[in-house]
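Notes follow once the structure below has been shown.
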Amino acid sequence: MITGILFFDVMAVLVISTSIGMLVSRNAVYSALFLVLNFASVAVLYVTLGAPFIAMAQVTVYAGAIMILFLFVIMLLGAERLEGESTIRGQRLFGGLLAVILLGELTWMAVFQSGLSPAALTMPASDFAGPTQIGLTLFNTYLLPFEVTSFILLVAIIGAIILTKTDNIGKRIIRPGKD
Amino acid sequence: MPTVNDFLLILPEVVLLIWALLILLIDLWIPDTKKYYTAVLSAAGLVISAGCAFALLGRTGSAFSNMVVLDGFSSVLSILFLLSGLAAVALAYDYLKRNAAQRGEYYTLLLFSIAGMMLMASANDLIMVFLSLELLSIPLYILAGFFRPRLASEEAALKYFLLGAFSSAILLFGIAWIYGSTGHTDFPGIVASIDGGRANYLLLLIGAGLLLVGFGFKIGVFPFHMWVPDTYQGSPSSIGAFMTVATKAAGFAALLRVFLVLFPAEAPIMAGILWGLSAASMIFGNTVAIAQMNMKRLLAYSSIANAGYILMAFVPYGNPVIAQEAVSSALFYLLAYALTSFGAWAVMIALEPAESDGLLLQDFSGLGRKYPWLGAALLISMLSFIGVPLTMGFWGKFYLFKTAVDGSQIPLVLIGLLTSLVSAYYYLRIVMFAYFKPGEPQIQPGRWASVVAVICAAGIFVLSFIPTPVFQFAAQMIMGMK
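Protein sequence lines, in the order shown, are assigned to chains A and B.
At position 122 of the first sequence (counting the first as 1) the number is 344 in our numbering, and the numbers step up by one without a gap.
At position 238 of the second sequence (counting the first as 1) the number is 298 in our numbering, and the numbers step up by one without a gap.
Put into structure tokens, the structure is as follows:
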């Protein structure tokens, strides 16, 4: 029990410190890397809570694909360095205010609604939301939405190619003398 | 467990999607100079899919664990979408060649979009509503920008994409509220939850409102119309024609089904909102259209007004008897509107030179004398838009107004009649240019646009002699809905 709580505490500190690191870092690449670390430590928390599928999805989708895309964009744009202080006036004050409100809400929920007793939380069955069940649901009940999604992605790929490829169609349309 | 039966019930969609994939592949081996093969192939796919849809006509059932239902409503609309697709292929055939934009992807994307529309008409789960909306919208965003790097086309695509993404997000947000209220996304589950009194009424109402906004963007009613004129003007004309008809019909399909099935209890509140949307669209669309000298923009504003007319019949949807009548008159009007709108667009595409942003009204001068067939098609389309007897437009408006009167929406009917009178001014002005002003319009090479125009005009005229059977057919088809 104690080791479990100790492990959770370490992970919690890691999650919070990496998110703070992401926020205060003035270099966008560092921020992105902090966010990767943050996603990875949240994934570890998911594993300890008995949700391996969500943990794997977190690692592959968020920490993997999306953050790599982020890094690519940051480096391609050459926007690593943020200049000076934030330019939106009152942003810090407003953000701090929102954070205090959120913290108050969470405390209220934790103390008054659930009474701070872990017994109030019922653990779902051990195979709940496991890879097997998600797979079965996805390919039985949600087969059609799954297939339609794949077509949407295909269309998006075709669109990206058409709208970025310039060699073919553009040259024939733009004729000299026309602007 | 999905079985072959599930696939058979959505056979038209399956055929169309597989056909689109095949065309995407085959198109690689078709040289740039012979892209008309792709057009012919895609037309064949549409015809085969329409054949499947005809074969399924009258059948009912649900497939894929209630994700989609097959009923008369979805069958009729599927056939309408497929025929619109055929018209869009025919209109594009010469038009793309003229604009040196012959790319096979045009047809593939068109087919994907039509499949999305067909799924949307038969969606029985909010997840399917959202996904089919995306499947129909994303190809249209791309097709709107098909004439890249022309600035107008890029602008059309970007505006449509941004506002479309925005409206999709709102729709999705509404779905989340409904899920939060009822714990279900499938229609039977939501209905059971509402009937069982387990649903949170306020959350449901917010969800319904957000869904209405999302659909409002797709059907382009005031005040969600901002993208309509620029997108219709900048897109390739064949896509503009397709969007005015098919996208609107798909939006209405989802709107009608979702509101009839899920929110009959919210009708008293929703009726007020629908009333406002309908009245504002009719007034705004018809008055702003007066100021338009560009045919594409004029047709765009006319499409906003027409969306208002269709919504009019749907205002008293809380009454089950009126609701049945409203859906049949909406289907009837969509058919009439499809013929009329394609007729008008086809005449314009037949005359539209390469690299134009749409003809000005003056460009129609002398059309009636030089090309009597095309002039007649334009005349019939315009009369049908106004709602003059001996056209389908007349009967379409007749049934819509009748439904609204039956639902005791007299003020709305009066607005509809008055705005129809106003619309006569700008529709007849086009006819005036075509028949009473001297001019030398030049038909562009290729005859497919003219063929579409004449077929649509003939349809408007001939079907207007048998409106009752057509209306009865629509009424009979939607009997099994729900």
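All C-beta atoms, glycine included, are put in the ideal place defined by N, C-alpha and C.
Could you tell me whether any Cβ in chain B is nearer than 9 Å to the Cβ of residue i?
{"i": "alanine 351/A", "result": "no"}
{"i": "threonine 371/A", "result": "yes"}
{"i": "glycine 381/A", "result": "yes"}
{"i": "isoleucine 288/A", "result": "no"}
{"i": "isoleucine 374/A", "result": "yes"}
{"i": "threonine 329/A", "result": "no"}
{"i": "alanine 285/A", "result": "no"}
{"i": "isoleucine 356/A", "result": "no"}
{"i": "alanine 262/A", "result": "no"}
{"i": "leucine 366/A", "result": "yes"}
Answer yes or no: does any C-beta atom of chain A fall closer than 9 Å to that of residue i?
{"i": "isoleucine 202/B", "result": "yes"}
{"i": "alanine 185/B", "result": "It should be pointed out that residue 185/B corresponds to aspartate in this sequence rather than to alanine. Closer than 9 Å: yes."}
{"i": "isoleucine 198/B", "result": "yes"}
{"i": "phenylalanine 28/B", "result": "The displayed coordinates of chain B run from 61 to 542. Any statement about residue 28/B would go beyond what the structure contains."}
{"i": "alanine 123/B", "result": "yes"}
{"i": "phenylalanine 206/B", "result": "yes"}
{"i": "serine 192/B", "result": "yes"}
{"i": "isoleucine 515/B", "result": "no"}
{"i": "leucine 231/B", "result": "no"}
{"i": "isoleucine 70/B", "result": "yes"}
{"i": "arginine 163/B", "result": "yes"}
{"i": "leucine 169/B", "result": "yes"}
{"i": "glycine 176/B", "result": "yes"}
{"i": "aspartate 66/B", "result": "yes"}
What first and last residue would you give for the alpha helix (DSSP H) that runs through residue i?
{"i": "serine 341/B", "result": "327-350"}
{"i": "isoleucine 382/B", "result": "380-411"}
{"i": "threonine 93/B", "result": "That residue, threonine 93/B, is in no alpha helix (DSSP H); it is neither H nor E in DSSP."}
{"i": "alanine 225/B", "result": "211-242"}
{"i": "leucine 236/A", "result": "224-246"}
{"i": "aspartate 66/B", "result": "64-69"}
{"i": "serine 295/B", "result": "From DSSP, serine 295/B is part of no alpha helix (DSSP H); its letter is neither H nor E."}
{"i": "lysine 308/B", "result": "308-322"}
{"i": "glutamine 355/A", "result": "353-361"}
Terminal residues of the continuous beta strand (DSSP E) containing residue i?
{"i": "leucine 450/B", "result": "Per DSSP, leucine 450/B belongs to no beta strand (DSSP E) and is neither H nor E."}
{"i": "glycine 121/B", "result": "121-123"}
{"i": "valine 128/B", "result": "128-130"}
CA-CA distance, residue i and residue j?
{"i": "serine 362/B", "j": "alanine 250/A", "result": "49 Å"}
{"i": "phenylalanine 496/B", "j": "isoleucine 490/B", "result": "10 Å"}
{"i": "alanine 148/B", "j": "glutamate 500/B", "result": "27 Å"}
{"i": "phenylalanine 493/B", "j": "glutamate 369/A", "result": "51 Å"}
{"i": "leucine 130/B", "j": "alanine 406/B", "result": "32 Å"}
{"i": "proline 505/B", "j": "glutamine 280/A", "result": "57 Å"}
{"i": "alanine 310/B", "j": "methionine 180/B", "result": "7 Å"}
{"i": "phenylalanine 323/B", "j": "valine 136/B", "result": "23 Å"}
{"i": "alanine 113/B", "j": "leucine 68/B", "result": "11 Å"}
{"i": "aspartate 417/B", "j": "leucine 385/A", "result": "20 Å"}
{"i": "arginine 429/B", "j": "glycine 300/B", "result": "27 Å"}
{"i": "lysine 400/A", "j": "alanine 306/B", "result": "Per-residue confidence for lysine 400/A stands at a pLDDT of 42, beneath the threshold of 50, marking its modelled position as unreliable; the derived number appears in the next sentence. So the alpha carbons of these two residues sit roughly 34 Å apart."}
{"i": "leucine 360/A", "j": "glycine 519/B", "result": "45 Å"}
{"i": "leucine 203/B", "j": "leucine 419/B", "result": "20 Å"}
{"i": "glutamate 415/B", "j": "glycine 205/B", "result": "14 Å"}
{"i": "leucine 263/B", "j": "glutamate 412/B", "result": "50 Å"}
{"i": "lysine 308/B", "j": "serine 480/B", "result": "20 Å"}
{"i": "serine 109/B", "j": "leucine 142/B", "result": "8 Å"}
{"i": "valine 465/B", "j": "alanine 396/B", "result": "20 Å"}
{"i": "isoleucine 382/B", "j": "leucine 477/B", "result": "20 Å"}
Would you mind sorting residue i into buried or exposed? The rule is 16 or more other CB atoms within 10 Å of its CB.
{"i": "proline 398/A", "result": "Per-residue confidence for proline 398/A stands at a pLDDT of 47, beneath the threshold of 50, marking its modelled position as unreliable; no derived number is given."}
{"i": "valine 281/B", "result": "buried"}
{"i": "glutamine 355/A", "result": "exposed"}
{"i": "alanine 339/B", "result": "buried"}
{"i": "glycine 105/B", "result": "buried"}
{"i": "asparagine 402/A", "result": "Residue 402/A cannot be examined here, being either before or after the span of chain A that is shown, 223 to 401."}
{"i": "alanine 277/A", "result": "buried"}
{"i": "tyrosine 153/B", "result": "buried"}
{"i": "glutamine 132/B", "result": "Residue identity differs from the one stated: residue 132/B is glycine in this sequence, not glutamine. Looking at its Cβ environment, which holds 16 or more other Cβ atoms inside 10 Å, glycine 132/B is buried."}
{"i": "lysine 94/B", "result": "exposed"}
{"i": "isoleucine 238/B", "result": "buried"}
{"i": "alanine 234/A", "result": "exposed"}
{"i": "alanine 314/B", "result": "buried"}
{"i": "glycine 368/B", "result": "buried"}
{"i": "asparagine 260/A", "result": "buried"}
{"i": "isoleucine 396/A", "result": "The predicted position of isoleucine 396/A is uncertain, since its pLDDT is 46 and thus under 50; no value can be drawn from it."}
{"i": "glutamine 313/A", "result": "exposed"}
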